[in-house]
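S.K.: Residue numbers (my numbering): 1351 to 1496.
Idealized CB from N, CA, C, for every residue including glycine.
Got a structure for you, written out below as structure tokens; questions coming shortly.
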Amino acid sequence: MIDDNKIVELYNKFGIEDDEKLIEEFKKIIQSEDVSSLIKSEAYCGIGDVISLMAPELGEDLGYKYYKKALEFNENNLYARVGICIIYTSYSAPINSILNEEEYLENLEILINKYDEINDKGMKANIIQLMKNLIGHRIRVLKKGI
């Protein structure tokens, strides 16, 4: 059976230059019959991370559909929710071209509501940064009337 250790092993084994190989390995995990929904969710999130953070040229939606698929297998996958929020706040694509602000805010609200339950300091830092990004975005919108 494939478990969390396999996901961690893949992240450790492959580097930035191996983005397509890493995606291939995640897809093998997803297609495996002996994989739990939680592991499939992590693998989909992994593909989203590779595309969003390392190789945006590999996906026209910057990994969004993989984060969404991760949530289909595990709605509690906070990493997928962070990925969705990062796509909304970090890329210069026209606002709402990949996801709309309402979906972004729904994901951010879930992250904020779960904040006190989270032990991962990196995840907490991501949530704080997303809130800062939202404030900066809203200030720009108000000033420019976008």
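(1) Which one of Met1404, Ile1437, Asn1426 has the shortest CA to CA distance from lysine 1415?
(2) Using the C-alpha atoms, what's the distance from aspartate 1399 back to glutamate 1374?
(3) According to DSSP, is methionine 1351 helix, strand or coil?
(4) Mind pulling the alpha helix (DSSP H) runs of 4 or more residues that sit fully within the segment 1388-1443?
(5) Let's see if you can read the secondary structure: which residues bound the alpha helix (DSSP H) around asparagine 1476?
(6) With DSSP as the reference, label glutamate 1451 as helix, strand or coil.
(7) Taking the Cβ atom as the reference point for each residue, do tyrosine 1465 and cysteine 1435 lie within a distance shorter than 8 Å?
(8) What do you reckon, are the CB atoms on alanine 1405 and alanine 1420 nearer than 8 Å?
(9) In the DSSP assignment, the alpha helix (DSSP H) including glutamate 1374 goes from what residue to what residue?
(10) Rounded to whole angstroms, what's the CA-CA distance from lysine 1377 to leucine 1388? Just pull it up for me.
(11) When you compare only the Cα positions, how much space is there between serine 1391 and glycine 1495?
M.R.: According to the structure data:
(1) The residue labelled residue 1415 in the question sits at position 65 within the sequence shown. Of Met1404, Ile1437, Asn1426, the residue nearest in Cα terms is Ile1437.
(2) For the purposes of this step, residue 1374 is identified with residue 24 of the sequence shown, where counting begins at 1. For the purposes of this step, residue 1399 is identified with residue 49 of the sequence shown, where counting begins at 1. Each residue's alpha carbon lies about 13 Å from the other.
(3) Counting from 1 along the sequence shown, the entry for residue 1351 is found at position 1. The predicted model places methionine 1351 with a pLDDT of 44, which falls under 50 and marks its position as unreliable, so this point remains unresolved.
(4) 1414-1423, 1428-1440
(5) Position 126 of the sequence shown, counting from 1, holds the residue named residue 1476. First-last of the alpha helix (DSSP H) with asparagine 1476: 1471-1494.
(6) By 1-based counting over the sequence shown, the position of residue 1451 is 101. Helix.
(7) Stepping through the sequence shown from its first residue, residue 1465 is reached at position 115. Stepping through the sequence shown from its first residue, residue 1435 is reached at position 85. For tyrosine 1465 and cysteine 1435, no; Cβs fall outside 8 Å.
(8) In the sequence shown, counting from the first residue as 1, residue 1405 sits at position 55. In the sequence shown, counting from the first residue as 1, residue 1420 sits at position 70. Not a contact, by the Cβ cut-off of 8 Å.
(9) Along the sequence shown, one-based indexing puts residue 1374 at 24. Glutamate 1374 -> alpha helix (DSSP H) spans 1369-1381.
(10) By 1-based counting over the sequence shown, the position of residue 1377 is 27. By 1-based counting over the sequence shown, the position of residue 1388 is 38. Answer to the nearest angstrom: the Cα atoms are 14 Å apart.
(11) Reading the sequence shown from its first residue, position 41 is the one you call residue 1391. Reading the sequence shown from its first residue, position 145 is the one you call residue 1495. Distance between the alpha carbons of serine 1391 and glycine 1495: 38 Å.
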